[in-house]
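Numbering (my numbering), first residue to last: 401 to 982. A virtual CB, placed ideally from N, CA and C, is assigned to each residue, including glycine. Here the structure is a predicted model, which is why all the values come from computation and not from measurement.
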């Protein structure tokens, strides 16, 4: 049997959290490598574009798909491997997650192959074969198969599980594989009456065993739904702004059947393509009893061509057939071949092929409802009793349906009148609420306009003050610069003056010292002079004998300690006095 590996991509809104443990790769790639491989085309397409161009490209590829809520329930087996399901299955809610897109990987385009293999091996060892079995395959050998040399995946996806299968029923179905199953994720989106299941097995042999045993089998003996399994090459989670809606490299998205809205996989179901290039499941198209296409109403079979034509000119319009010999001729409004046949053969009656009315060329009137009366032989219109009964039945049926239609229309009128009254009441309430809100909004707008005017005036005053302050700041800055320059000059002058003052002070000190010495000498001389004058006056007042003794006397001064190199000059007054008196 052939197996198509799929890629499951979960597109999240920009503000939605990423589900835990959803990403998977059959090649064992890391999360970073998986992200780079998934976004290879998106990066190449969106590189070098502006934000507006990126938004346009993403909007074009998203199309009519819309965000919706998705619930992912994770079931893991108990640690004791006891075969019971884990009652604490984690439910992860992804708000505004886009529905997962299943895209079939096909290296050879959209053609699927049939790779059949005997399934007599035991489920625990699917690769073993009994000696009396012969393996064979047909179709495209490049498609994925269950041979050992073909790449497969340890994760298997169950598509379109009916909603009647609860999680408990699903765990019962998977009970034999509970020991070899790592986890199971149930994915539910807005699609009604169905969901999808992802199962991760411990080894590839376990996944092959489950695929061989359960693929194409019914879930239970009551319902007709079968278990459709596919191998999952990888599962990734990408944000919308990263280009999740762009096509995946080397993968082809499976189209949907217009009748049942299911994915069309050639390896699972037969696909029929009509003349108008629309594809459907063959089983779905079998239920379509019309000969036209369900999508575009194109007629698949050619319309029947009318074979009746005039024997003379071949015209196929307004034909009359002779009731005597079966000759077909055109009417009198075309080429009058039917009337010419009457003139040649005197066959009186001819029937129009479109409405089966009979014309009498001799009487020149219609005779398909005329008979001869038994009483007088005149031609009267014949009314069939069966037609009368049929007409009465039709009238009675019309009357019954008229009453039924009247009653239904009356009930519909009452219903819609109540609906209109209810809508009018709700509309009146909404209008009242909107008027109140509108009034409040107007008041708020008036307050805001008033505040805006006040703020404008305040802004103008503040701007005026700012202008004045800026001018003052400029002026003060200039004055500050002038003062700084003046201070610099004054400091320079002060330094020079301080040096000059110090020099002058030193000179003044020296001059004062010299003057003090001179003053001291002058004071000594003055004292000596005063002493001399006083002594002279005293001597003059003495008697002559005393003056003569003083004049003849001598003064001897003993040598004292010398205090310096310089000696005081002798007092002239004393020496003179002594000399004068000795």
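Residue 692 has its alpha-carbon roughly 5 Å from the corresponding atom of residue 698.
Of all alpha-carbon atoms in 590, 585, 476, 867, the one lying nearest the alpha-carbon of residue 468 is that of 590. Sequence-distant partners of residue 624 (beyond 5 residues in either direction) whose C-beta falls short of 8 Å from its own C-beta, in its chain, are 618.
Where residue 422 is concerned, there is no enclosing alpha helix (DSSP H), because DSSP gives it neither an H nor an E.
In the structure shown, residue 820 adopts helical secondary structure according to DSSP, grouped into three states. Membership of residue 565 in any alpha helix (DSSP H) is not indicated, and neither H nor E is assigned to it by DSSP. With 16 or more other CB atoms across the displayed protein chains lying within 10 angstroms of its CB, residue 710 is buried. In its chain, beyond the 5 residues on either side, no residue has a beta carbon closer than 6 Å to the beta carbon of residue 683. DSSP places residue 474 in the strand class (E or B) of the three-state scheme. In terms of Cβ geometry, residue 559 and residue 596 form a close pair [threshold 8 Å]. Residue 637 sits close to residue 422, with the two beta carbons spaced by under 8 Å. Inside the stretch 628 to 688, DSSP marks whole beta strand (DSSP E) runs of 3 or more residues at positions 628 to 639, 671 to 673, 679 to 681, from first to last along the chain.
Using a Cβ distance threshold of 8 Å, residue 741 and residue 756 do not count as a contacting pair. In this chain, the beta strand (DSSP E) harbouring residue 583 covers 581 to 588. Going by DSSP, residue 945 is part of the alpha helix (DSSP H) stretching over 944 to 952. For residue 611, the enclosing alpha helix (DSSP H) begins and ends at 604 to 614.
The DSSP-derived three-state label of residue 748 is coil. The secondary-structure analysis by DSSP pairs residue 761 with nothing; it has no beta-bridge partner.
A direct Cα-to-Cα measurement between residue 656 and residue 679 gives close to 9 Å. Rounded to the nearest whole angstrom, the C-alpha separation of residue 552 and residue 567 is 27 Å. Sixteen is the threshold: since fewer than 16 other Cβ atoms of the shown chains lie within 10 Å of the Cβ of residue 864, the residue is exposed. Positions of the beta strand (DSSP E) runs, each at least 3 residues long and wholly inside the stretch 803 to 868, cannot be given because no such run exists. Distances from the alpha-carbon of residue 573 to those of 588, 795, 626 put 626 closest. CA-to-CA, the gap between residue 801 and residue 812 works out to about 16 Å.
Here the alpha carbon of residue 561 sits roughly 21 Å from the alpha carbon of residue 606.
Within a 10 Å sphere around the beta-carbon of residue 646 sit 16 or more other beta-carbons, which makes this residue buried. For residue 555, same chain residues with a beta-carbon under 8 Å away, outside a window of 5 residues either side, are 424, 426, 598, 599, 600, 601, 607, 631, 632, 635 in chain order.
In this structure, the CA atom of residue 909 is about 35 Å from the CA atom of residue 933. Secondary structure of residue 914 (DSSP, three-state): helix. Residue 748 sits away from residue 764, with the two beta carbons spaced by 8 Å or more. In the three-state reduction of the DSSP assignment, residue 732 falls in the coil class, being assigned neither a helical nor a strand state. Residue 411 sits in a strand when the DSSP states are folded into three classes. Across the structure, residue 659 and residue 681 are spaced so that their CA atoms are roughly 8 Å apart.
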